[in-house]
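Engineer: Please read through the structure below; I'll follow up with questions.
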Amino acid sequence: MKIIMLGAPGAGKGTQAKKIAEKYEIPHISTGDIFRANIKNNTELGKKAKAYMDQGLLVPDELTLELIMDRFEQPDCKNGYVLDGFPRTIPQAEALTKALSENSEKIDFAVNVEVPDESIVERMSGRRACLNCGGTYHIIFNPSKKEGICDKCSSELVLREDDKPETVSKRLKVYHDQTQPLIDYYRGQNVLREVDGTKEVSEVFDGIINILEA
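Residue numbers (this note's numbering): 5 to 218.
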């Protein structure tokens, strides 16, 4: 079962991807993890990616795709995978489709976790992080016992720059401009499935399982 996860930043697709991977015993693949693993293992592809990253540049699509296709050839992918964070643009999606078809493979499901923008802004701007121990909280869904103080190490909790409403709104704009067209692309491929991401995590997961096993 080859699955792509779609959804805006903060929609919870990463959480769902991990749960799907656990249930079906297939790897949860994110581009960040692939980059880190190749750089750590000093592979040829890793060296190429590091050269771009060291200059603060984005890794080109061709190289990213090469790294992903290389990952798909690992033994743990024989029964499928959950791909999270790629593709982000139509050219990336088209290149992935072409690369897979050359191996007589294709994506089975593109699962879009749907959450309205205003819910995402509320979700993310409610996050609080402990910069000391890495603990994470949410002022509504997962508050600390003492307001503004980490339960684990008693350090002050902060609203990270990434989670500020204005930053979230900018990220959502980029998402809608670049990534939203993927929804139409995979709908055209007849593999798009949509799930309501505003529900509880377990309910969203149940909805995805119903889709995958329908």
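Note that the Cβ used here is the ideal one computed from N, Cα and C, for glycine as well.
Model, not experiment: these values are computed from the prediction.
Starting from lysine 6, trace the beta strand (DSSP E) both ways and give me its first and last residue.
Structural biologist: Along the sequence shown, read from residue 1 onward, the residue named residue 6 stands at position 2. From DSSP, the beta strand (DSSP E) with lysine 6 extends over 6-10.
Engineer: In whole angstroms, what is the alpha-carbon distance linking arginine 191 and isoleucine 111?
Structural biologist: Sequence index remark: in the sequence shown, residue 191 carries index 187 (1-based). Sequence index remark: in the sequence shown, residue 111 carries index 107 (1-based). Whole-angstrom Cα-Cα distance: 12 Å.
Engineer: Mind checking whether serine 105 and valine 172 have CB atoms under 8 Å apart?
Structural biologist: Position 101 of the sequence shown, counting from 1, holds the residue named residue 105. Position 168 of the sequence shown, counting from 1, holds the residue named residue 172. Not closer than 8 Å, so no.
Engineer: Look up serine 173 in the DSSP assignment and say whether it is helix, strand or coil.
Structural biologist: Residue numbering aside, residue 173 sits at position 169 when the sequence shown is read from its first letter. Note: serine 173 maps to helix in three-state DSSP.
Engineer: Looking at the secondary structure, which residues open and close the beta strand (DSSP E) in which asparagine 46 lies?
Structural biologist: Indexing the sequence shown from 1 puts residue 46 at position 42. Note, asparagine 46: premise wrong, no beta strand (DSSP E); not H, not E.
Engineer: Does DSSP put phenylalanine 116 in a helix, a strand or coil?
Structural biologist: Counting from one through the sequence shown, the residue named residue 116 turns up at place 112. The sequence shown places asparagine at residue 116, not phenylalanine. Correct three-state label for asparagine 116: strand.
Engineer: Between which residues of its own chain and threonine 183 is the CB-CB distance below 6 Å, once the five residues before and five after are set aside?
Structural biologist: By 1-based counting over the sequence shown, the position of residue 183 is 179. Excluding positions up to five away in sequence, the list reads Arg92.
Engineer: Apart from the five residues on each side of it in sequence, which residues of its chain come closer than 8 Å, Cβ to Cβ, to leucine 49?
Structural biologist: Position 45 of the sequence shown holds residue 49. Counting only Cβ-Cβ distances below 8 Å, and skipping sequence neighbours, we find Asn42, Leu67, Glu70, Leu71 and Asp74.
Engineer: Along the chain, where does the alpha helix (DSSP H) containing isoleucine 33 start, and where does it finish?
Structural biologist: If you number the sequence shown from 1, residue 33 lands on position 29. Isoleucine 33 -> not in any alpha helix (DSSP H); beta strand (DSSP E) instead, spanning 32-34.
Engineer: How about glycine 16 and glycine 201: do their beta carbons lie closer than 8 Å?
Structural biologist: On the sequence shown, residue 16 is found 12 positions in, with the first residue counted as 1. On the sequence shown, residue 201 is found 197 positions in, with the first residue counted as 1. A contact, by the Cβ cut-off of 8 Å.
Engineer: Can you tell me which of Tyr141, Ala21 and Gln78 puts its alpha carbon nearest to the alpha carbon of alanine 133?
Structural biologist: Taking the first residue of the sequence shown as position 1, residue 133 is located at position 129. Selected option, being the one with the closest Cα: Tyr141.
Engineer: For cysteine 81, name the three-state secondary structure that DSSP assigns.
Structural biologist: Walking along the sequence shown from the start, residue 81 turns up at place 77. Note: cysteine 81 maps to helix in three-state DSSP.
Engineer: So the candidates are Gly36, Leu61 and Val162; which of them puts its Cα closest to the Cα of leucine 135?
Structural biologist: Position 131 of the sequence shown, counted from the start, is the residue given in the question as residue 135. Taking only the C-alpha atoms, the option nearest leucine 135 is Val162.
Engineer: Let's see if you can read the secondary structure: which residues bound the alpha helix (DSSP H) around glutamate 126?
Structural biologist: The residue given as residue 126 occupies position 122 in the sequence shown. Per DSSP, glutamate 126 belongs to the alpha helix (DSSP H) from 121-129.
Engineer: What first and last residue would you give for the beta strand (DSSP E) that runs through valine 199?
Structural biologist: Here residue 199 refers to the residue found at position 195 when the sequence shown is read from its first residue. It spans 196-200 - the beta strand (DSSP E) in which valine 199 sits, taken as one unbroken run.
Engineer: On the DSSP letters alone, give me the boundaries of the alpha helix (DSSP H) that threonine 230 sits inside.
Structural biologist: Absent from the structure is residue 230, since the part of the chain shown begins at 5 and ends at 218.
Engineer: Less than 8 Å between the CB atoms is what I'm expecting for alanine 114 and leucine 216, so what's the real figure, rounded?
Structural biologist: Walking along the sequence shown from the start, residue 114 turns up at place 110. Walking along the sequence shown from the start, residue 216 turns up at place 212. About 12 Å; that fails the 8 Å criterion.
Engineer: Verify whether the separation of the beta carbon atoms of leucine 176 and aspartate 121 is less than 8 Å.
Structural biologist: By one-based count along the sequence shown, residue 176 stands at place 172. By one-based count along the sequence shown, residue 121 stands at place 117. Their beta carbons are under 8 Å apart, which means leucine 176 touches aspartate 121 by this criterion.
Engineer: Whole angstroms is fine: what's the gap from glutamate 118's alpha carbon to arginine 164's?
Structural biologist: Sequence index remark: in the sequence shown, residue 118 carries index 114 (1-based). Sequence index remark: in the sequence shown, residue 164 carries index 160 (1-based). Distance between the alpha carbons of glutamate 118 and arginine 164 is about 24 Å.
Engineer: Kindly indicate which three-state DSSP category valine 205 falls into: helix, strand or coil?
Structural biologist: Working through the sequence shown from its first residue, we reach residue 205 at position 201. Note: valine 205 maps to helix in three-state DSSP.
Engineer: Which residue wins for smallest C-alpha separation from arginine 197, given the options Ile187, Lys203 and Ser206?
Structural biologist: Locating residue 197 in the sequence shown gives position 193, where the first residue counts as 1. The shortest Cα separation from arginine 197 among Ile187, Lys203 and Ser206 belongs to Ile187.
Engineer: State the Cα-Cα distance for the pair serine 123 and asparagine 146, rounded to the nearest angstrom.
Structural biologist: Start at 1 with the first residue of the sequence shown, and residue 123 comes out as number 119. Start at 1 with the first residue of the sequence shown, and residue 146 comes out as number 142. Going from the Cα of serine 123 to the Cα of asparagine 146 covers about 16 Å.
Engineer: Quick one, are the C-beta atoms of alanine 12 and tyrosine 189 less than 8 Å apart?
Structural biologist: Locating residue 12 in the sequence shown gives position 8, counting from the first residue. Locating residue 189 in the sequence shown gives position 185, counting from the first residue. No, they are not a contact pair.
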